[in-house]
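**Q**
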Amino acid sequence: MGDTITTTPDAALAVFRVNFALQGQVVDILGQFLPELNVLPRNRAYDTIMDDLGLLSRCFAVFRREPERFRSILIDDRKRPVTDDSTPLSCGRSLSEVIAMVVRTAAKRFFRRTLPTTPRPTETRSPADELYEAIRAYLLYEWQVPLVPTYAGMEPSLVRRIGARLLEAREAASLARLIADPDAPLANGATASMAGASESDRAAVSSTTLHPKRKHPMTAHPAEILCENQERLRPEAFTPVFLDPEVRATVPNPDNIRAIADILRTVGSVSALALVEGLGLRKDQLAVMLLVAHDCIGTIVFGRLFGTRADPELLDRILVRARLHGIGPDSGVIECAIFMRSVFARFGHRSRRGH
Numbered sequence: 001m002g003d004t005i006t007t008t009p010d011a012a013l014a015v016f017r018v019n020f021a022l023q024g025q026v027v028d029i030l031g032q033f034l035p036e037l038n039v040l041p042r043n044r045a046y047d048t049i050m051d052d053l054g055l056l057s058r059c060f061a062v063f064r065r066e067p068e069r070f071r072s073i074l075i076d077d078r079k080r081p082v083t084d085d086s087t088p089l090s091c092g093r094s095l096s097e098v099i100a101m102v103v104r105t106a107a108k109r110f111f112r113r114t115l116p117t118t119p120r121p122t123e124t125r126s127p128a129d130e131l132y133e134a135i136r137a138y139l140l141y142e143w144q145v146p147l148v149p150t151y152a153g154m155e156p157s158l159v160r161r162i163g164a165r166l167l168e169a170r171e172a173a174s175l176a177r178l179i180a181d182p183d184a185p186l187a188n189g190a191t192a193s194m195a196g197a198s199e200s201d202r203a204a205v206s207s208t209t210l211h212p213k214r215k216h217p218m219t220a221h222p223a224e225i226l227c228e229n230q231e232r233l234r235p236e237a238f239t240p241v242f243l244d245p246e247v248r249a250t251v252p253n254p255d256n257i258r259a260i261a262d263i264l265r266t267v268g269s270v271s272a273l274a275l276v277e278g279l280g281l282r283k284d285q286l287a288v289m290l291l292v293a294h295d296c297i298g299t300i301v302f303g304r305l306f307g308t309r310a311d312p313e314l315l316d317r318i319l320v321r322a323r324l325h326g327i328g329p330d331s332g333v334i335e336c337a338i339f340m341r342s343v344f345a346r347f348g349h350r351s352r353r354g355h
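Sequential numbering of the sequence shown, starting at 1, is according to full-length UniProt numbering.
1. Which same chain residues end up closer than 6 Å to L95 when comparing Cβ atoms and leaving out the 5 residues on each side of it in sequence?
2. What's the gap between the Cα of Y132 and the Cα of Q230?
3. With distances taken between CB atoms, is the gap from A283 to A249 smaller than 8 Å?
4. Start and end of the alpha helix (DSSP H) containing V159?
5. Could you tell me the distance, in whole angstroms, from the CA atom of F110 to the CA atom of P146?
6. Can you give me the Cβ contacts of V158 inside the same chain, cut-off strictly under 8 Å, excluding the 5 residues immediately before and after it?
7. Taking only the alpha-carbon atoms, compute the straight-line gap between F63 and T299 and give it to the nearest angstrom.
8. Tell me whether G268 sits in a helix, a strand or coil according to DSSP, three-state version.
9. Are there 16 or more other CB atoms within 10 angstroms of the CB of V39, so buried, or fewer, so exposed?
10. Starting from E246, trace the alpha helix (DSSP H) both ways and give me its first and last residue.
11. Can you name the residues that DSSP bridges to L233?
12. Quick check: the region 139-155 against the region 316-328, are at least 3 beta-carbon pairs closer than 8 Å?
13. Measuring CB to CB, does I263 end up less than 8 Å from L286?
14. Could you tell me which residues DSSP puts in a beta bridge with P88?
15. Helix, strand or coil for I334, going by three-state DSSP, please let me know.
16. Cα separation between P235 and F242?
17. Taking C-beta to C-beta, are F344 and I297 nearer than 8 Å?
18. For L314, count neighbouring C-beta atoms within 10 Å of its own C-beta (all shown protein chains included) and say buried if the count is 16 or more, exposed if not.
19. Would you kindly check if the distance between the Cβ of G268 and the Cβ of A310 is under 8 Å?
20. Are the CB atoms of S126 and T114 within a distance shorter than 8 Å?
21. Please identify the residue among I29, P252, L37 whose C-alpha is closest to the C-alpha of I334.
22. Ends of the alpha helix (DSSP H) at I327?
23. Have a look at R80, L56, V288, F20 and flag the residue whose alpha-carbon is nearest the alpha-carbon of L37.
24. If we count the other Cβ atoms within 10 Å of its Cβ and call it buried at 16 or more, is P254 buried or exposed?
25. Are there three or more Cβ pairs, one per stretch, closer than 8 Å when the region 41-48 is compared with the region 19-29?
26. For the putative contact between R93 and V18, defined by C-beta atoms under 8 Å, what is the C-beta separation to the nearest angstrom?
27. Pick from I135, M50, R136, A220: whose alpha carbon is nearest that of A272?
28. How about A164 and Y138: do their beta carbons lie closer than 8 Å?
29. Find the nearest neighbour of P35 within the set M101, R58, A21, judged by alpha-carbon distance.
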């Protein structure tokens, strides 16, 4: 399908299984409702769908309208029915992950058809691939398929500037407004971004939202996550978190427990408690946000921001921005990951910077 989540053997097998199902059973079922698919050879039907955004949108509509027709496919590895978007299917991926993979593949194909595919003289990647890399993390939902042509007209720098707010523009008109004025207030009246907030706005947000009066029942408890001397995080407290498929799909290298522990062990109590108490974070959210931040900015900068000598002012800026984006104890881990990547987007991915 042209898009993967990781490069591990298990991930490659999962992608193969997803592709096999999409190109076989799924296409056969869709053909019952979309006659144009029946006139195509099976091996061409999949590519036809992925190359036609309108047809892909209609396929998603059939899938949502006729869920019973897909019950034989929506099962887990023990052949039990799966009725939600987050439980892993027999292919090894959840439905939400499969949808994201399909949307990303369709978007990448569209970008490569409509944008130059030859790198500029001073660059190593083509405009199509550069845009895809910038927007990939935000291609998650089927409602984004009709917006792909509009995404194709965006500069990668603008995508990085807008970040996760792309997911708030669900219609072409609202996306056009966001592109025209990235710092405009959100539709719900929230402040658009830290760049557009005044000092008084920041102070107001800081004083009223960074320290919630009521503690959420799922918020991490300091005594549980900090080591005995209360100076750093205790990595062992987070071990159960990495059994969660959603967390595993969101963080880099989820099987490398030793590396994860080494990263979490460097996090100082001041920064950890600022995130937990300021946003009411659960343990899984805290782990995801920290590991994604480390993946974005590398060990040295991460240590300066989240280590034992963390800068309170920088932490406060992150907290304010998180609250403005609605990050809290009820947020999904993928929302937390997208938010952190948007915060550190200007750093680029550390694996491409040689850190």
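Ideal Cβ placement from N, Cα and C applies to all residues, glycine included.
**A** The structure says:
1. Reading the sequence shown from its first residue, position 95 is the one you call residue 95. Leaving aside the five residues that flank L95 on each side, the residues in its chain whose CB is nearer than 6 Å to its CB run, in chain order, D85.
2. For the purposes of this step, residue 132 is taken as the residue at position 132 of the sequence shown. For the purposes of this step, residue 230 is taken as the residue at position 230 of the sequence shown. Approximately 42 Å, taken between the alpha carbons.
3. The residue labelled residue 283 in the question sits at position 283 within the sequence shown. The residue labelled residue 249 in the question sits at position 249 within the sequence shown. Strictly speaking, residue 283 in this sequence is Lys, with Ala absent from that position. The answer is no: Cβ separation not under 8 Å.
4. On the sequence shown, residue 159 is found 159 positions in, with the first residue counted as 1. That run of the alpha helix (DSSP H) goes 156-162.
5. Position 110 of the sequence shown holds residue 110. Position 146 of the sequence shown holds residue 146. One C-alpha to the other measures close to 11 Å.
6. The residue given as residue 158 occupies position 158 in the sequence shown. A quick correction: the sequence has Leu, not Val, at residue 158. I179, P182.
7. Residue mapping note: residue 63 aligns to position 63 of the sequence shown, counting from 1. Residue mapping note: residue 299 aligns to position 299 of the sequence shown, counting from 1. So the two alpha carbons sit approximately 43 Å from each other.
8. Start at 1 with the first residue of the sequence shown, and residue 268 comes out as number 268. Correct three-state label for G268: strand.
9. As a working note, residue 39 is residue 39 in the sequence shown. Exposed, by the Cβ-count rule.
10. Looking up residue 246 in the sequence shown gives position 246. Run containing E246: 245-250, per the alpha helix (DSSP H) assignment.
11. For the purposes of this step, residue 233 is taken as residue 233 along the sequence shown, with counting starting at 1. Answer is L226.
12. no
13. Locating residue 263 in the sequence shown gives position 263, where the first residue counts as 1. Locating residue 286 in the sequence shown gives position 286, where the first residue counts as 1. Result no, Cβ atoms of I263 and L286 do not sit closer than 8 Å.
14. Mapped onto the sequence shown, residue 88 falls at position 88. Answer is S94.
15. As a first step, residue 334 is located in the sequence shown; it is residue number 334 there, counting from the start. In this structure, I334 counts as helix in the three-state DSSP scheme.
16. Residue numbering aside, residue 235 sits at position 235 when the sequence shown is read from its first letter. Residue numbering aside, residue 242 sits at position 242 when the sequence shown is read from its first letter. Answer to the nearest angstrom: the Cα atoms are 11 Å apart.
17. Reading the sequence shown from its first residue, position 344 is the one you call residue 344. Reading the sequence shown from its first residue, position 297 is the one you call residue 297. Closer than 8 Å, so yes.
18. Against the sequence shown, residue 314 aligns to sequence position 314. Exposed, by the Cβ-count rule.
19. Position 310 of the sequence shown, counting from 1, holds the residue named residue 310. Position 268 of the sequence shown, counting from 1, holds the residue named residue 268. In contact: A310 and G268 (Cβ atoms closer than 8 Å).
20. As a working mapping, residue 114 is identified with position 114 in the sequence shown. As a working mapping, residue 126 is identified with position 126 in the sequence shown. Taking C-beta atoms as the reference points, T114 and S126 fail to come closer than 8 Å.
21. For this step, residue 334 is matched to residue 334 along the sequence shown. Comparing Cα-Cα distances from I334 to each of I29, P252, L37, the minimum goes to P252.
22. On the sequence shown, residue 327 is found 327 positions in, with the first residue counted as 1. It is not in any alpha helix (DSSP H) - I327 carries neither H nor E in the DSSP assignment.
23. Your numbering for residue 37 matches position 37 in the sequence shown. Taking only the C-alpha atoms, the option nearest L37 is L56.
24. Here residue 254 is taken as the residue at index 254 of the sequence shown, counted from 1. Under this definition P254 is a buried residue.
25. yes
26. By one-based count along the sequence shown, residue 93 stands at place 93. By one-based count along the sequence shown, residue 18 stands at place 18. That belief holds up - the Cβ atoms of R93 and V18 are roughly 6 Å apart, short of 8 Å.
27. Here residue 272 is taken as the residue at index 272 of the sequence shown, counted from 1. The shortest C-alpha separation from A272 is found at A220.
28. Position 164 of the sequence shown, counting from 1, holds the residue named residue 164. Position 138 of the sequence shown, counting from 1, holds the residue named residue 138. In contact: A164 and Y138 (Cβ atoms closer than 8 Å).
29. Mapped onto the sequence shown, residue 35 falls at position 35. Closest option to P35, Cα to Cα, is R58.
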